[in-house]
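S.K.:
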Amino acid sequence: MKITQKLKTSFLAFGVLGLLVSCSDDDTSDSLSPDQGRLSIAAMATYQPGVADKTSRNGSLELSSFKVNFTEIELEFDDIIDDDNFYDSDDDVELEGPFEMDLLSGTPMEFVNLELPNGRLEEIEFEFDKSTDTESLMHNKSMMMEGSINGTPFIFWHDFEEEIELEFEAGDENSIISHDHNSVVINFDLNAVFNLDSSVDLSTAVDGNGDGLIEISPEDEDGNQDLAEEIKEAIKDQIDLLED
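So the sequence shown is numbered by our numbering: it starts at 6 and just counts up by one.
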């Protein structure tokens, strides 16, 4: 992971890809310099089998995996205390991936753990983009979901490129870096994506070529391209920051 520094206060950042990492016992505020704190960033998908079944429109839905690929994470500070203890603005930290994760484990997956200067974070930005890993099932995809619809296996994927901005709410303690350890979770609420109030209608998904697999993508042979766009947009609308 490449780190681009745009801060007047130097810091050390550690990125972890594809592994759930916990801090050691001595990785506390006592090991930080007085002008630094620590921030961990994790991601997860909220999904409970059967929730989507409350609407007959979607029938019986089961998900087995939900993968995403981020090419970059950017943390934007509203204010930051520099070496002279003055607040400065318009500073940010860029963490270059890729960060490829399967988020259906049921627990948050930590993929970044870094030291930051004391200050107040304004937002987290991350960029969806196609994976360039030729050994990965995510190659040329930025998002992929697998499961079954009414017992028929399906795969949804998309190759969109887009930045998502998530702002910290006023009063969110995890947005304040003050010689402590803060944690945030990027949550994808898949229950909301497929519930009764969602615009996504999986009953329209078809196995157009009759191969036994429902394919939903921008270029599938089953005729589900419009549905792929609807799912992608619905997922984007259900991304939020949670306090860990």
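All C-beta atoms, glycine included, are put in the ideal place defined by N, C-alpha and C.
Here the structure is a predicted model, which is why all the values come from computation and not from measurement.
Between which two residues does the alpha helix (DSSP H) containing V198 stretch?
M.R.: Start and end: 195–198.
S.K.: Give the secondary structure of T76 by DSSP, where H, G and I count as helix, E and B as strand, and everything else as coil.
M.R.: The answer is strand: DSSP assigns T76 an E or B state.
S.K.: Taking the alpha-carbon positions, what's the P39 to D225 distance?
M.R.: Whole-angstrom Cα-Cα distance: 54 angstroms.
S.K.: Name the residue from D245, T76, M114, N118 whose alpha carbon lies nearest to the alpha carbon of E101.
M.R.: Cα-wise, what sits closest to E101 is T76.
S.K.: Can D227 and N214 be called in contact, C-beta distance under 7 angstroms?
M.R.: The answer is yes: Cβ separation under 7 angstroms.
S.K.: What is the residue span of the beta strand (DSSP E) that A210 lies within?
M.R.: Note, A210: premise wrong, no beta strand (DSSP E); not H, not E.
S.K.: Could you tell me whether the stretch 215–223 touches the stretch 152–165, using the rule of 3 or more Cβ pairs below 8 angstroms?
M.R.: As far as the Cβ criterion goes, the stretch 215–223 touches the stretch 152–165, which means the pair count is three or higher.
S.K.: For the candidate residues S65, S183, N74, L37, whose alpha-carbon lies nearest to that of M49?
M.R.: Checked all of S65, S183, N74, L37; the closest Cα to M49 is N74.
S.K.: Less than 6 angstroms between the CB of L232 and some heavy atom of the ligand ATP, yes or no?
M.R.: As presented, the structure is devoid of all ligands, the ligand ATP included, so that no description of it is given.
S.K.: If you run the structure through DSSP and keep just helix, strand and coil, what is D107?
M.R.: Three-state DSSP puts D107 in a strand.
S.K.: Starting from the Cα of E105, find the closest Cα among N196, S147, G42, D216 and give me that residue.
M.R.: The residue with the shortest Cα to Cα distance from E105 is S147.
S.K.: Please report the distance separating the alpha-carbon of D107 from that of E120.
M.R.: C-alpha separation (whole angstroms): 25 angstroms.
S.K.: Note down, in chain order, each residue of its chain lying with its Cβ closer than 7 angstroms to the Cβ of H144, except the 5 sequence neighbours on either side.
M.R.: Around H144: S136, D138.
S.K.: So, helix, strand or coil for G20, using DSSP?
M.R.: Only weak support exists for where G20 lies, its pLDDT of 36 falling under 50; the coordinates are left without a value.
S.K.: If you check the beta carbons only, do L109 and F71 fall under 7 angstroms apart?
M.R.: Yes; because the gap between Cβ atoms is below 7 angstroms, this pair is in contact.
S.K.: Could you say which of E127, F133, E115, D245 lies nearest to A197 if we only look at CA atoms?
M.R.: Taking only the C-alpha atoms, the option nearest A197 is D245.
S.K.: Identify, in the order they occur along the chain, each residue of the same chain with its Cβ nearer than 8 angstroms to the Cβ of L68, setting aside the five sequence neighbours on each side.
M.R.: Excluding positions up to five away in sequence, the list reads Y52, P54, L109, M150, E151, G152, L195.
S.K.: In whole angstroms, what is the alpha-carbon distance linking N200 and Q243?
M.R.: Each residue's Cα considered, the two are about 12 angstroms apart.
S.K.: In whole angstroms, what is the alpha-carbon distance linking M114 and A47?
M.R.: Each residue's alpha carbon lies about 5 angstroms from the other.
S.K.: Which residue marks the beginning of the alpha helix (DSSP H) containing N226, and which one marks its end?
M.R.: One detail in the question is off: residue 226 reads as Glu in this sequence, not Asn. Element bounds for E226: n/a, residue is neither H nor E.
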